[in-house]
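K.L.:
Numbering (the working numbering), first residue to last: 11 to 987.
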Amino acid sequence: MNKLLLGLIFTILLCASCTNRGMVAIDNGIVKLEFDLKQGTYKGIDVETGQTCIYDASWRVNDFLSTDADSIYYQIEAIQDSLGKGQSIQVVSVKKGQPDLVFNFNLYDQEPFVIMYGGIRNGTSEGIQIKEISPVANARLFYGADISKNFKLIDGEGGGCPTYIRETPSLLSQNNMILHFGTDDDFHTLVGGGASYGEFAKYALIGEKEQRKADLKEHPVEDLQLVSYIDVGEEVVGTDTVQPYITLSSGAPYKFEGNIAYKEARTVVWADREIGVKLHNLDKDKSYIVGLSWCDDADRRKQTVHLKYGDKEITCIEDCRLPSLAKGENAQIIYFEIPAAANELEPQLLVKQAGGDNVVISEVLIYEGKLPEERLNKPETVEIPAADFTRCTLNLYASDVIGKLVDAKSGYMTEKDRFYLDFVTANPIYSAEKYAQTLRILQQINLNYYYFPTICMWYAMMPIYGGNIVMGTNDTVGAVEEMKRVKLSGFLKYTTMGIRLVPDCYDENNENGWWDDEHWRLRGSGPQGESMKLKSGHYRAPYDTSRKWAQAILDLGGLPFTYFQTAVRSKDYAEAYPQHMLFNESFHEIDTFDWLNKNYTTYDFTDIGFLAHMRDVYHNLNDAGIVGMMFDYPYTGWPVYGGMDDKYSTAAGAYRTIFKLASEGLGNKAYIHERNLKYGSDIALGYVASQRTWGDTDVITPEMVARSGLRWYKNRVVVNYDMDAKNLLKAQPADSEDGINKLLTMSYVTASRLLLANSFGTLDAEHVYKLSRIYPFHQFARSARPLDAFTTDYPRVYGMKLTDKWSSLTFFNEDEEHPQKISIKLSGIEGRGGAGLHPDKQYYIYDFWNDKLIGTFGGNETLEQELRKGEARQMAVREVESNPQVLSTDRHLLQGLLELSEVFWNEETKELTGYAELVEGESMHITIATNGWQPQHCTVADNEVACSLENNSENLVKLVLKSTHGGKVSWKFSFKK
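This is the structure:
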């Protein structure tokens, strides 16, 4: 606990009246923070340029604001922690009758960022539930600058939430955000977000939190007055005893992909047949208009709307086609008049399916007033006001639906929940990467890398996915049989294989909660079992215990993974252990229906007895040899309705405990996977090895690639991104090798874990060979940068610096029907359409999949390539040397990084030497540029390794190495002038 809060004193205490006009500042020669202690605000300045980057910023806890303070005190002290040495200013705003707001702002030597955290000193007589903490509140941005120039904004969402490039200053993102604007001669970047996670989720807000609602009020329809609004796919439906409000009869939230239309249009609720929109608290003496907005992510949906009140049901509109986002059409809104006779009867608008997959709604609005008849019951395109860049503001805050209880006469500081802000680093690529590296340090992340692929037995069994050709079975017998097929294929020569068993019973009595061998033997996949030909029980003889099947996988050279349905209830467990459940009740009802847990709360991950039970669960799995696991439906683990035994726990803290238990129980080398599709929070970082970025799928799409690609700075640094299963037999385009090459390339370049939907029984030797070209995955904290992300609508060029003279470059044609020209300025600015190479150097560029030298280019040139439809072109870019040099190999996608080592030109002996990691029985071709030297002969240190030469051209030669047993071998290749 901070010494201020423990002792309620300062070691160095100054007040506004003791300073020059109430101003105080700290700086480290790079960043300057200047506080106005009279106003309760501060500004951030780039010391080198003098640019004021944020100003009029304040700090806040709940609705307590620094700008309302009676007085503000501060102290400055030297600090030293995992980020280095520096100085910290602590500001304390005091207002009578309220808790004191205590915030720390840390600057570090030679660092361009600010680290912030805060809390309260509660001197009141009542406990306070902290639900929001904001060290950056309502900050204005870049004083005097025109931020509208080439404005780009990328969210920092995690998990399955969409990540994309925006061009307007409106964003509410979980975790963090990247803002960038300007020209090549004068550009700026601001990166802000969570720097560590313990008890709160973090948010970054650009613009108003409810910008759409504010726009609707500021730009009214005719003379109508907005009285109620809800973005149905995003907000929790609330009730108001005075104002009109809206509830929905059914529907599950969903987010349409892309950036066509405005955000609120793409966040929808959906239902199979019908959604009822009920209107409450309508005044009998007033006139009301209700607006419904909607859109279609395809071009299939048609909907009918009826108005129902009392015993009447009136058709308002029939068979209305929804606008297609896929065709670039914007959302539409339809206005309906509510008859005065319906006001006291809680009328409903019934939105019914009239064609397509299901029924969807985006927004519901209630207005007071009347509209001309010609505007009623007819779709209109939604008009969005032009973005106002002059009103752009920034908020960084922590939030929790339950909050943190701070007792009277005590204090609390969010030292485990810190924030990061960098407005000095101009390049968005470098700024984002600095943020992720800092997050990695503060969160103490020691990431386990998936250097191997994993076969998911559920996908391999499902007929609509990988099981459409050869049926695997999602039980222990099927898992062991699958591992035998992998071993037989020879794939283990390249790396190991993960085998994931998926015990996923959906009956009301299931394996969840128990998570023991007895219930895994007892339960199968419930209602899905017969259609998938799964016999009863996920554990079957002779592998009917965790130890037996896990050891069988390990003995075959694989890695055994299992699966939990995070907090999905099992009725019999809830009945047997009510004390382990939230509210200590077997059946505590809530007013929200969930298809998995119905109307009941679930397990309490703060209950001492349940925590002890879970430690036993993981001890048994660890003892059995399980090396990793998947958490499915993790949203069920958020205790958003409370009921926790630990009254001091936040909802986010309890959720984080789920993964802490698994990580500690399975050991620090375990692979913990979080399928967080509903919540995109990074709260579990440090305990999870991977996050799922997409719903159930076995294909790859351009949207998947961009989602992970735009998170490059966090990928492999704080977490591994998993685009979900991939079926090698469904790769598109199917009429060439470009399909599978693209699938494998982009799975490596923009993600960092590959899950296979195929049983190896469906793959031939060529599939296995292709797959082996991307394995093992590299195991260091770096991923390819989207080099054109901040100058285009969709990133198509990725690059990764491997050494100061060698880069990996990827061109991606997302169009599977047409060829496309793609280009990059070789010495241009990374992130702004350049590869960051030296303009005065010459470079070889070698194409991996097409196995050819593209050419020699000056660093000041533009590389342009015409890619075939659906092609991903993987290239090595190496600075031209005066002596013979390696350009590429045919072993691995990174073309020499993992399979070659200690490559060196010996000027005295005129030899190119190195080590190669060979695969048993497989030739490795090393492409070498002779650079005017004449090849002589090659030698190897191992008599069982064959060495030969293949002349490709006047300047290229291939060194061919082949080993009967595989392993590391040293080689020498002599030349003469």
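Where a beta carbon is used, it is the ideal one built from N, C-alpha and C, also for glycine.
Using the C-alpha atoms, what's the distance from Asn458 back to Thr866?
P.N.:
One C-alpha to the other measures close to 38 Å.
K.L.:
What residue does the alpha helix (DSSP H) around Pro712 start on, and which one ends it?
P.N.:
Pro712 to Gly719 is the span of the alpha helix (DSSP H), which, as asked, contains Pro712.
K.L.:
May I ask you to report which of helix, strand or coil DSSP gives Thr424?
P.N.:
Thr424 falls in the coil class under three-state DSSP.
K.L.:
Counting only runs that start and end within the segment 579-639, where is the alpha helix (DSSP H) found for 4 or more residues in a row?
P.N.:
For the segment 579-639, whole alpha helix (DSSP H) runs of length 4 or above, ordered along the chain, are 581-586 and 618-634.
K.L.:
What does the Cβ neighbour count give for Gln139, buried or exposed, with the cut at 16 atoms within 10 Å?
P.N.:
Flag for Gln139 reads exposed.
K.L.:
Judging by CA-CA distance, which residue of Thr51, Tyr658, Gly696 and Phe983 is the nearest neighbour of Ile668?
P.N.:
Of Thr51, Tyr658, Gly696 and Phe983, the residue nearest in Cα terms is Gly696.
K.L.:
Could you check if Pro829 is buried or exposed, using at least 16 other CB atoms within 10 Å of its CB as the buried criterion?
P.N.:
It counts as exposed.
K.L.:
Could you tell me which whole alpha helix (DSSP H) segments of length 4 or greater appear in the segment 823-857?
P.N.:
Listed in chain order, there is nothing to give.
K.L.:
If you run the structure through DSSP and keep just helix, strand and coil, what is Ser1039?
P.N.:
This structure does not reach residue 1039, given that the chain is present from 11 up to 987, and the question cannot be answered.
K.L.:
With a 10 Å radius around its C-beta and 16 neighbouring C-beta atoms as the bar for buried, classify Glu917 as buried or exposed.
P.N.:
Flag for Glu917 reads exposed.
K.L.:
Are Ile509 and Thr448 closer than 9 Å when you measure CB to CB?
P.N.:
No.
K.L.:
Suppose contacts are defined by Cβ-Cβ distances below 9 Å. Is Val370 in contact with Gln453 by that definition?
P.N.:
Not closer than 9 Å, so no.
K.L.:
Beta-carbon within less than 8 Å of Ser757's beta-carbon, same chain only, minus the 5 sequence neighbours each way: which residues are those?
P.N.:
Ile710, Met733, Lys736, Leu764 and Ile784, listed in sequence order.
K.L.:
Does the contact criterion of 3 or more C-beta pairs under 8 Å hold for the segment 614-630 versus the segment 581-593?
P.N.:
Verdict: yes, contact present.
K.L.:
Is the separation between the beta-carbon of Leu502 and that of Leu200 shorter than 9 Å?
P.N.:
In this structure, Leu200 does not lie closer than 9 Å to Leu502 by Cβ.
K.L.:
Going by other Cβ atoms of all chains shown within 10 Å of its Cβ, with 16 needed for buried, is Ala699 buried or exposed?
P.N.:
Flag for Ala699 reads buried.
K.L.:
Under 9 Å between the Cβ atoms of Pro894 and Asn962?
P.N.:
Against a cut-off of 9 Å, the Cβ pair of Asn962 and Pro894 comes out as no contact.
K.L.:
Thinking C-alpha only, which one of Gly301, Arg878, Phe770 and Leu903 is nearest Phe787?
P.N.:
Taking only the C-alpha atoms, the option nearest Phe787 is Leu903.
K.L.:
Within a Cβ cutoff of 6 Å, which residues of the same chain sit near Leu289, ignoring the five residues on either side of it in sequence?
P.N.:
Hits under 6 Å: Pro357.
K.L.:
Who are Met126's beta bridge partners in DSSP?
P.N.:
According to DSSP, Met126 bridges with Phe115 and Phe429.
K.L.:
Taking all protein chains shown into account, decide if Ala88 is buried (16 or more other Cβ within 10 angstroms of its Cβ) or exposed.
P.N.:
So Ala88 counts as exposed.
K.L.:
With DSSP collapsed to three states, give me the class of Val246.
P.N.:
No answer about Val246 holds up, because its pLDDT of 48 lies below 50 and its placement is not dependable.
K.L.:
So, helix, strand or coil for Asp225, using DSSP?
P.N.:
Helix at Asp225.
K.L.:
Where does Tyr804 fall in DSSP's three states?
P.N.:
In the structure shown, Tyr804 sits in coil (DSSP, three-state: anything other than H, G, I, E or B).
K.L.:
How far does the beta strand (DSSP E) with Phe787 in it reach, from first residue to last?
P.N.:
Taken as a continuous stretch (DSSP letters only), Phe787 belongs to no beta strand (DSSP E), as it is neither H nor E.
K.L.:
Beta-carbon within less than 6 Å of Gly846's beta-carbon, same chain only, minus the 5 sequence neighbours each way: which residues are those?
P.N.:
Excluding residues within five positions, the ones whose Cβ falls inside 6 Å are Glu840.
K.L.:
Met471 lies in the alpha helix (DSSP H); which residues open and close that run?
P.N.:
From DSSP, the alpha helix (DSSP H) with Met471 extends over Met467 to Met471.
K.L.:
So Trp989 is in the beta strand (DSSP E); what residue range does that whole segment cover?
P.N.:
For the chain, the structure presents residues 11 to 987; residue 989 sits outside this window and is missing.
K.L.:
Taking a contact to mean a Cβ-Cβ separation below 9 Å, would you say Glu630 touches Val578 in this structure?
P.N.:
The displayed chain sequence assigns Asn, not Glu, to residue 630. No, the pair does not count as a contact, with Cβ atoms beyond the cut-off.
K.L.:
Lys548 lies in the beta strand (DSSP E); which residues open and close that run?
P.N.:
According to the sequence as given, residue 548 is His; it is not Lys. Note, His548: premise wrong, no beta strand (DSSP E); not H, not E.
K.L.:
Within 10 Å of its beta-carbon, does His529 have 16 or more other beta-carbons around it, so buried, or fewer, so exposed?
P.N.:
Looking at its Cβ environment, which holds 16 or more other Cβ atoms inside 10 Å, His529 is buried.
K.L.:
Roughly how many angstroms separate the alpha carbons of Val71 and Ile130, rounded to a whole number?
P.N.:
Approximately 8 Å, taken between the alpha carbons.
K.L.:
Would you call His947 buried or exposed, if buried means 16 or more other Cβ atoms sit within 10 Å of its Cβ?
P.N.:
The residue is exposed, with fewer than 16 neighbouring Cβ atoms inside 10 Å.
K.L.:
Could you check what DSSP says for Pro644 in three-state terms: helix, strand or coil?
P.N.:
It is helical.
K.L.:
Does any C-beta atom of chain B lie closer than 9 Å to the C-beta of Gly107?
P.N.:
Structure shown: chain B not included; a single protein chain is present.
K.L.:
Could you tell me which whole alpha helix (DSSP H) segments of length 4 or greater appear in the segment 231-299?
P.N.:
Complete alpha helix (DSSP H) runs here, min 4: 273-276.
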